[in-house]
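Have a look at the structure below, then the notes.
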Amino acid sequence: MKAYDLALEVLTALSEAKEADGMIKVVNAHVSGISYLNLGDYGLEFLEDLAASGEKVRVPTSSNPCGMDRELWREQGISEDFASKQLRVNSALEKLGVSPTYSCTFPYEGKWSANLRPGDHVAWAESSAVVYGNSVLGIRSNREGGPSALFSGLTGLTPNYGMHLNENRKPTVLIKVEQPIPKGPLEWGLLGKKIGELGELARVPYIDGIGRVATKGELKALSAALATFGPTDMFLARNISPEAPSQPPKVEVVTVDGRELEEESRSALDRAISGGTPRAFFLGCPQYGVEELVYLARLFSEVKKVKGDIFVYTSSHVLSDQAGFRAAESLKEKGVKIFRDTCPVFSPAPAFSGGVMTDSVKSSFYLPQSKRVKATLEPTVVSFMLAIGELEGA
Amino acid sequence: MVTYSGKAIVKGNASGEALVSLKPISFLGGIDPSTGIIKDDASELKGQTVKGRILIYPTGKGSTVGSYVIYGMKKMGTAPAAIIMREADTVTIVGCVLAGIPLVHRVRPDPLQIRNGSRVSVTYDQINVDDQ
Chain A
1 MKAYDLALEV LTALSEAKEA DGMIKVVNAH VSGISYLNLG DYGLEFLEDL
51 AASGEKVRVP TSSNPCGMDR ELWREQGISE DFASKQLRVN SALEKLGVSP
101 TYSCTFPYEG KWSANLRPGD HVAWAESSAV VYGNSVLGIR SNREGGPSAL
151 FSGLTGLTPN YGMHLNENRK PTVLIKVEQP IPKGPLEWGL LGKKIGELGE
201 LARVPYIDGI GRVATKGELK ALSAALATFG PTDMFLARNI SPEAPSQPPK
251 VEVVTVDGRE LEEESRSALD RAISGGTPRA FFLGCPQYGV EELVYLARLF
301 SEVKKVKGDI FVYTSSHVLS DQAGFRAAES LKEKGVKIFR DTCPVFSPAP
351 AFSGGVMTDS VKSSFYLPQS KRVKATLEPT VVSFMLAIGE LEGA
Chain B
1 MVTYSGKAIV KGNASGEALV SLKPISFLGG IDPSTGIIKD DASELKGQTV
51 KGRILIYPTG KGSTVGSYVI YGMKKMGTAP AAIIMREADT VTIVGCVLAG
101 IPLVHRVRPD PLQIRNGSRV SVTYDQINVD DQ
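Chains A and B, in that order, give the protein sequences.
Take 1 as the starting number for the first sequence in the working numbering and just add one per residue.
Take 1 as the starting number for the second sequence in the working numbering and just add one per residue.
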């Protein structure tokens, strides 16, 4: 199998089918669909066949989370069999020259992102990263599939259509967010869900009334929810998006009441406290960055020991940062479980048999699908745990 | 004999019995790759095999890893002989190129009106259906 030739053949077919304006060069690529849980033996064999060509990617190519923490998989309860298959997937990818980042946030948080400029074309196969990148960094990416992103890495090319073209990056709807401005990842995720559910209208929403107040974690939650619930590959917001027009566009207007988001999030907390509450908490979808990890560590500064199971998912690039590393160490001392390289949606572990709570609107959609577990939303894991006495105060 | 025509994405020749799904198909999870038997509970074709058939469906759905499943099915001999669609999705396009399975889309008239079990032959972008 000749990797480059095959990759070019696939991209050419895609380009013809999508009636693209030829092919354009990409600066980098980000491959998904690499957990053995999804790939199975067919995907594993394909990647090994491809790697046997001895060819390598022609542009820097990063990788999405795989099925386990490469160091702590035994602690995660992953079987030897699964681990050996996952390691074969990883080694095939690494033989192809794919960087072992195993992160869903690396494209916009990792070290390559510093060199990205608005207008750069990339081929990313993680939908939350595609929305974040198009909207906040001003890069241009379609929502690629795992294989097509890999083929873009191998050729340095992508079909020129969709989000690569100016005409598809213009606002299609004006979302007016009325006071109060949403707070925290859950409320921002709920905002993304509301917008995404508008369907076709929400292709490129211009969001008015949120500028300059959003944290990175909130923008990640918004991006992830937009991609999960809608056709949205990009939003526009003043002071956030390089391409946002300074005046709200003259398009259809949809109003979102900030109080509704607040109430929805508060009632989720009430339901969680009164209901048969799961004792497992999952944070880090998208995977936590330095900012969110440090924030969590600060929230936990008065806490001596965590009683319930708290799982936090993050990335290698976060733990190799000094502040990220220190925050992770202090959380671990209190009993918080921190994993990298993976996430519960892509991994057989943890099974969350008693249900799970999360502040991620995206994973509240995917976890019930992939693991058939109930995922309850709650606003701040800490307020919830205090309410049910899961934290031992100082 | 009825003739349909469309746009060939993967060009080739094939013939076989039609298997028509009115619903989108997911190759990851929707089909058992070792036998080619459809196992999606939501499918009206559950229990039938795609192996060697001319598989006709509106469009694809589900994980993009499905492309590798199509490739794996070809290797094991359980893949369809050709695929005909209203509008091809990325998963099916990538899978068919990898596997070398003829793929035609944007077919007129609507290919979903082809009857299950009809003899179908695909020659590039031409589709002949023998309904007898």
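Heads up, the beta-carbon is just placed ideally off N, CA and C, and yes, glycines get one too.
| Asked | Found |
| --- | --- |
| By the three-class DSSP mapping on this structure, what secondary structure does aspartate 130(B) have? | strand |
| Using a cut-off of 7 Å between C-beta atoms, extract the partners of alanine 88(B) located in chain A. | Ala17 |
| Could you tell me which chain B residues have their CB closer than 7 Å to the CB of proline 231(A), listed as they occur along the chain? | By Cβ distance, chain B contributes nothing, its closest Cβ being about 14 Å from proline 231(A), past 7 Å. |
| Please state if the CB of glycine 258(A) and the CB of phenylalanine 229(A) are separated by a distance shorter than 8 Å. | no |
| For threonine 172(A), name the three-state secondary structure that DSSP assigns. | coil |
| Helix, strand or coil for proline 107(A) per DSSP? | helix |
| I'd like to know if threonine 49(B) contacts chain A, where contact means its C-beta is closer than 8 Å to some C-beta of that chain. | no |
| Please classify lysine 11(B): is it buried, with 16 or more other beta-carbons within 10 angstroms of its beta-carbon, or exposed? | exposed |
| Go through its chain and collect everything with a Cβ distance to alanine 394(A)'s Cβ below 8 Å, but skip five positions before and after it. | With a pLDDT of 41 at alanine 394(A), under the threshold of 50, the modelled position of this residue cannot be trusted, and the question is left open. |
| Classify serine 395(A): buried if its beta carbon has 16 or more other beta carbons within 10 angstroms, exposed otherwise. | With chain A covering 1 to 394 only, the question about residue 395(A) has no answer from this structure. |
| Is the separation between the beta-carbon of tyrosine 42(A) and that of tyrosine 68(B) shorter than 8 Å? | yes |
| Short of 6 Å in beta carbon distance, which residues of its chain neighbour aspartate 21(A), apart from the five on each side in sequence? Order them along the chain. | Asn160 |
| Out of Asp49(A), Val57(A), Lys85(A), which has the shortest C-alpha to C-alpha gap to valine 98(A)? | Val57(A) |
| Is it true that the stretch 87-95 of chain A meets the stretch 125-136 of chain A, where meeting means three or more beta-carbon pairs spaced less than 8 Å apart? | no |
| Should the stretch 351-360 of chain A be regarded as contacting the stretch 144-154 of chain A, the criterion being three or more beta carbon pairs within less than 8 Å? | no |
| Looking at chain B, is there any beta carbon in it that lies within less than 8 Å of the beta carbon of serine 127(A)? | no |
| Taking 8 Å as the CB-CB cut-off, is serine 148(A) touching chain B? | yes |
| Given that isoleucine 9(B) touches chain A, what residues does it touch there, using C-beta distances under 8 Å? | Ala13, Glu16, Ala17 |
| Answer with yes or no whether the minimum CB distance from arginine 108(B) to chain A is below 8 Å. | no |
| Can you tell me the Cα-Cα spacing of glutamate 252(A) and valine 213(A), whole angstroms? | 24 Å |
| Please confirm if leucine 8(A) has its CB atom under 8 Å from at least one CB of chain B. | no |
| Mapping DSSP to helix, strand and coil, what is serine 353(A)? | coil |
| Quick check: the Cα distance between alanine 3(A) and threonine 155(A), rounded to an integer number of angstroms? | 9 Å |
| Would you mind working out which of Ser128(A), Lys374(A), Leu137(A) sits nearest histidine 143(A), comparing C-alpha positions? | A small correction: the amino acid at residue 143(A) is arginine; histidine does not occupy that position in the sequence shown. For the residues Ser128(A), Lys374(A), Leu137(A), the minimum Cα distance to arginine 143(A) belongs to Ser128(A). |
| State the Cα-Cα distance for the pair isoleucine 139(A) and serine 118(B), rounded to the nearest angstrom. | 48 Å |
| Does leucine 96(A) come out as helix, strand or coil in the three-state DSSP assignment? | coil |
| Give me the residue from Val345(A), Arg169(A), Phe82(A), Phe106(A) with the minimum Cα distance to tyrosine 288(A). | Phe106(A) |
| Taking threonine 59(B) as the query, report the chain A residues whose CB atoms sit under 9 Å from its CB, ordered along the chain. | Within 9 Å Cβ-Cβ: nothing; threonine 59(B) doesn't reach chain A, min ~12 Å. |
| Would you say asparagine 115(A) faces chain B, with C-beta separation under 8 Å as the test? | no |
| What would DSSP say about alanine 332(A), mapped onto helix, strand or coil? | One point to set straight first is that residue 332(A) is lysine, not alanine, in the sequence displayed. Helix, per DSSP. |
| Span of the beta strand (DSSP E) holding serine 62(A)? | 61-63 |
| Have a look at Ile9(B), Thr3(B), Tyr4(B) and flag the residue whose alpha-carbon is nearest the alpha-carbon of arginine 100(B). | According to the sequence shown, residue 100(B) is glycine rather than arginine. Nearest option by C-alpha distance: Ile9(B). |
| Please decide whether alanine 3(A) counts as near chain B, where near means a Cβ-Cβ distance under 8 Å. | no |
| Could you run through the stretch 58-81 of chain B and flag, in chain order, every residue whose CB is less than 8 Å away from some CB of chain A? | Ser63, Thr64, Val65, Ser67, Tyr68, Val69, Tyr71, Gly72, Met73, Lys75 |
| Along chain B, in chain order, which residues have C-beta atoms closer than 7 Å to that of leucine 39(A)? | Val65, Tyr68 |
| Based on Cα-Cα distance, which residue from Phe46(A), Gln76(A), Ala29(A), Ala7(A) lies nearest to aspartate 309(A)? | Gln76(A) |
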